[in-house]
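One structure below.
In this note's numbering, the protein residues as written are 2 to 261.
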C-alpha cells in the first residue's frame, strides 16, 4: 500500500496543491495558503517525503516525489489541480506537470529553473549535523549553536521551525536529516531532458535571486512553451516570504485569468 503525504487542507473550491522547498514544510505556506483559500481555492499544503510530518524513506529523487504527488491526488480523488512549487518543490511541480499534463490545470514555479544546480547547501547541512539535539533543551539553545555556523537569522529561523519535541520530550527535526544529507545532489537534478508541458505556466523569480537568469529563458521555453516569467520585487530566493503581497497578487492574477 502506498504511503500518502501529510497535508493541511484549507478552504473549498478549485484544488490548489502547494509544494515547499528543500528543508521546508507545508507550514511555510500557511499564510499564503489561507489567502488563496479566501479567493476560492481548496488549498492543499503538502509535506513532501522526508520533510514535515510526511513519512521518511531512504528513497529520494524527483521520480519518487512526483509519484508521491500522484498518489496523493488519487487518494484525495482530485482529477486535476492547480500547482505551485518553490525551489525543490518547483522541480517536483515541473516534473509532475510534464509527466501528468492532464492532471495539471496551471503551473506556477517559484524561483527555480529546469536545469541542473550543483549541490550548494553544504553549509546548512554541516551546521545541522553539528547540532547535538540530545544535549539541547530549547530552540533558543539550538539557535545559539547554529549561530556558530550560520550568521543569517532568517535562515536559522527557517530551519528551526522544523524542531519539535518527541513523545519522550527530546528535541528532534521533522525532516530526515540523514537521508537529505546523503541525497543532497538529487535536489539539484534537472527534470527529464525531453519532457515538456504545454499548459499555462508562470515562473516567478526574485529580483535579488540568481536562481533564474536571462540565460535560462530558452531552456524554460523549451520545456514550457507557454511560460510567462515575472519578477517579484525586493525578494531573493524566499520570494513568497519576503514579498508575499506581490507574490499573491501575481499568482492569483495568473490562476484566475482565463480559468479552464
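Built from N, CA and C at the ideal position, the CB exists for glycine as well. The model shown is predicted, which means the values in this text are computed figures rather than measured ones.
Per the Cβ contact rule, the region 213 to 231 is not in contact with the region 121 to 138 (fewer than 3 Cβ pairs under 8 angstroms). In its chain, beyond the 5 residues on either side, 128 and 157 have a beta carbon closer than 6 angstroms to the beta carbon of residue 151. Counting only runs of 3 or more residues that sit fully inside the region 177 to 210, the beta strand (DSSP E) segments are 202 to 207, in chain order. Residue 44 is positioned such that its CB atom lies closer than 8 angstroms to that of residue 19. For residue 86, the uninterrupted beta strand (DSSP E) run begins and ends at 82 to 87, by DSSP. Assigned with DSSP and collapsed to three states, residue 9 falls in strand. Residue pairing by DSSP places residue 212 opposite no residue, since no beta bridge is assigned to it. Note that the C-beta distance between residue 140 and residue 161 is below 8 angstroms. Distance check between residue 117 and each of 131, 92, 136 and 133 places 92 closest, using alpha-carbon atoms only. When DSSP states are grouped into helix, strand and coil, residue 16 belongs to the strand group. Its chain contains 115 and 197 as the residues whose beta carbon lies nearer than 6 angstroms to that of residue 224, once the 5 sequence neighbours on both sides are disregarded; these appear in chain order.
Counting the other CB atoms within 10 Å of its CB gives residue 244 a total of 16 or more, which places it among the buried residues.
Under DSSP, residue 45 shares a beta bridge with 10 and 18.
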